[in-house]
Amino acid sequence: MTPTKAEILLAEVEIRHLLVRERYYRDTAQWTKFRESWHPDASHTKIQVSWFSGNIDEFLAASQEMVKGGTLATHLIMPVDIHLSPCHQRAVSESTGNITFKFKVEEETYELVSWTRFISRLEKVGEDWKLAGLEAIYDRDSITVAMPSTHGDGAHGTSFKHVGRRESYSSLAWFLEQRGLPVSDDLAGTDRPQSVEELMVRQFDWLDK
Numbered sequence: 002m003t004p005t006k007a008e009i010l011l012a013e014v015e016i017r018h019l020l021v022r023e024r025y026y027r028d029t030a031q032w033t034k035f036r037e038s039w040h041p042d043a044s045h046t047k048i049q050v051s052w053f054s055g056n057i058d059e060f061l062a063a064s065q066e067m068v069k070g071g072t073l074a075t076h077l078i079m080p081v082d083i084h085l086s087p088c089h090q091r092a093v094s095e096s097t098g099n100i101t102f103k104f105k106v107e108e109e110t111y112e113l114v115s116w117t118r119f120i121s122r123l124e125k126v127g128e129d130w131k132l133a134g135l136e137a138i139y140d141r142d143s144i145t146v147a148m149p150s151t152h153g154d155g156a157h158g159t160s161f162k163h164v165g166r167r168e169s170y171s172s173l174a175w176f177l178e179q180r181g182l183p184v185s186d187d188l189a190g191t192d193r194p195q196s197v198e199e200l201m202v203r204q205f206d207w208l209d210k
């Protein structure tokens, strides 16, 4: 049965709210609510981001360790486009947003911002939408002084070396690898348009199954 316009609109609203809440729960370490945002069967899930590749249960455990280690992130996500399958049981969402980290070098506080497109898969479980996948398309990033120190020039001259790293996420890769989190050189990014096209083809192939 073809969904009505009202049913489609309701699904889009539910999905948008879920996407925003899920990132908020992750950033605020509300781990039970975070996990409840995802498909209950971890084998139905896949996450591929800068520092991680695996299922939701593995991602949850890794995120908890990341937070315990002092690497804190703030995500801003703004859902833009939601594509529903003909059977109204699957969806792919395209969102824009960013990931922000604050860190210190010597006496200086810096802010790293990675501008990203979040591509999410969702499935209907009973009456509720649940996340089934998350991948990112990296656009650009930057590191700036967040809180100028009162200790003279200090670390103003600090050099962040990004030699040989991808333009779309060079600063992010440097930051994460400084914390023992390896970053693949083959992630989807706007500096390699074909990688973006290939990622989206995979999403819509999944949506049509």
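Here the working numbering is used: the first residue of the sequence shown is 2, the next is one more, and so on. Just so you know, even glycine gets a beta-carbon here, dropped at the ideal spot from N, CA and C.
Following the DSSP letters along the chain, one finds Phe-60 inside the alpha helix (DSSP H) bounded by residues 57-69. Under DSSP, Gln-49 shares a beta bridge with Ser-54 and Glu-136.
The three-state secondary structure of Phe-161, taken from DSSP, is coil.
About 6 Å separates the CB atoms of Ser-96 and Met-79; that is less than 8 Å, so the two are in contact. Judged by beta-carbon spacing, Thr-75 lies within the 7 Å limit of Asp-28, meaning their Cβ atoms are closer than that value. When the Cα atoms are used, Glu-15 and Glu-108 turn out to be separated by approximately 44 Å.
DSSP places His-40 outside both helix and strand once states are collapsed to three, so it counts as coil.
Within the stretch 66-106, no complete alpha helix (DSSP H) segment of 4 residues or longer occurs.
By the Cβ test, the stretch 52-65 is in contact with the stretch 175-187, since at least three Cβ pairs between them sit closer than 8 Å.
In this structure, DSSP gives Ser-143 an extended state, which the three-state scheme calls strand.
Residue pairing for Met-148: DSSP places it in a beta bridge opposite Thr-110. In the three-state DSSP reduction, Arg-122 falls in the strand class (E or B). In this structure, Ser-86 lies away from Leu-173, with their beta-carbon atoms at least 7 Å apart. Of the other Cβ atoms in all chains shown, fewer than 16 fall within 10 Å of the Cβ of Val-81; this residue is therefore exposed.
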